[in-house]
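Peer 1: At position 107 of the sequence shown (counting the first as 1) the number is 107 in UniProt numbering, and the numbers step up by one without a gap. Just passing along the structure, written as structure tokens.
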Amino acid sequence: MATTELVTTNWFLIFWDIVNLILRLIILAAIVMGIIKGARYIKKIIKFIDKAERYIDEKDAANVMNCTIASLYVCVKDMERAVKFYEDFFACPVTERDEIYSVFDIGGFRYGLFAFQKMNEEHVFGSNCLPSIGFGSVEVLKDKISGKEICFPLTRIKNNWVAEFVDSEGNHIEVTAPVKE
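Listed below in structure tokens is the structure:
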């Protein structure tokens with residue numbers, strides 16, 4: 001949605017809220033003053049207001065992003081080496097294996113390995129994308145990064161232990177675990 005559409009939508013919603021309030025106050029005043037005596041008319045006016053509100057809610061809901069992040073991939077230079085590295089790291093076999101794109105299913109999340117050179121793509125390795133992998137305890141985290149090149153040492157950040165290591169292909173990977181006191 002463009003910014004102008006968002007601003008227009010917000011102004012419209014504010015305007016509608018004001019109109020809605022005024023209509024309801026008019027109905028209340030008319031009832032109190034005895035101008036509108038028939039319940040039939042009151043029901044029609046309230047039905048109109050409710051119908052307009054539903055329409056606005058549907059329009060507003062259509063403007064809200066509804067998505068999930070289901071996967072990510074890291075670029076690899078050597079698929080065989082990367083698959084072996086991540087099979088060891090995740091302690092599970094690769095789910096889908098291909099010379100161009102391989103996938104690990106991590107609790108329903110797809111962690112992919114992409115052989116970018118086979119598709120003639122350029123890529124800069126390092127910390128341009130930082131996958132973050134969480135573990136249940138700092139002990140497991142320490143075990144997982146043992147013997148790996150550490151680019152950010154294990155550090156407590158608020159309620160988490162955080163570290164980064166370099167994978168077999170030069171990608172920086174973050175690992176986290178909750179602080180248990």
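Cβ atoms here follow ideal geometry from the backbone N, Cα and C, with glycine treated the same way. Values in this document were obtained by computation on a predicted structure and should not be read as measured data.
Quick one: is Ile145 buried, meaning 16 or more other Cβ sit within 10 Å of its Cβ, or exposed?
Peer 2: buried
Peer 1: Taking the beta carbon of Asp167 as the centre, do at least 16 other beta carbons fall within 10 Å, making it buried, or is it exposed?
Peer 2: buried
Peer 1: How about the region 88-106 and the region 134-141: do they share at least three Cβ pairs that are nearer than 8 angstroms?
Peer 2: no
Peer 1: Using 7 angstroms as the threshold, is the C-beta distance between Leu130 and Val76 below it?
Peer 2: No.
Peer 1: For the alpha helix (DSSP H) holding Asp105, just list the boundary residues, first then last.
Peer 2: It is not in any alpha helix (DSSP H) - Asp105 instead sits in the beta strand (DSSP E) that spans Tyr101 to Ile106.
Peer 1: Let me confirm a value: Ile173 is counted as buried when at least 16 other C-beta atoms fall within 10 Å, else exposed. Which label applies?
Peer 2: buried
Peer 1: Do you know whose CA, among Ala52, Glu122, Phe90 and Gly108, lies nearest Ala70's CA?
Peer 2: Gly108
Peer 1: If Tyr111 sits next to Leu72, beta carbons under 8 angstroms apart, how far is it from one beta carbon to the other, in whole angstroms?
Peer 2: About 7 angstroms separates the CB atoms of Tyr111 and Leu72; that is less than 8 angstroms, so the two are in contact.
Peer 1: Check the C-beta distance from Thr95 over to Ser132 and give it rounded, since I have them as a contact under 8 angstroms.
Peer 2: Contact doesn't hold; Cβ gap of about 20 angstroms is too wide.
Peer 1: Ends of the alpha helix (DSSP H) at Ala82?
Peer 2: Met79 to Phe90
Peer 1: Among Ala91, Asn20, Val124 and Ile26, whose alpha-carbon lies nearest the alpha-carbon of Asp50?
Peer 2: Asn20
Peer 1: Does DSSP classify Glu149 as helix, strand or coil?
Peer 2: strand
Peer 1: Where does Phe116 sit, in a helix, a strand or coil, going by DSSP?
Peer 2: helix
Peer 1: Determine whether the beta carbon atoms of Gly170 and Phe125 lie at a separation below 7 angstroms.
Peer 2: yes
Peer 1: Measure the CB-CB distance between Asn87 and Pro93 and report whether it falls below 7 angstroms.
Peer 2: It should be noted that the sequence gives Glu, not Asn, for residue 87. For Glu87 and Pro93, yes; Cβs fall inside 7 angstroms.
Peer 1: Roughly how many angstroms lie between the CA atoms of Glu80 and Ala52, to the nearest whole one?
Peer 2: 59 angstroms
Peer 1: Would you decide whether Lys165 is buried or exposed? Buried here means 16 or more other CB atoms lie within 10 Å of its CB.
Peer 2: Contrary to the premise, residue 165 reads as Phe rather than Lys in this sequence. Buried, by the Cβ-count rule.
Peer 1: According to DSSP, which residues form a beta bridge with Ser71?
Peer 2: Paired residues: Arg110.
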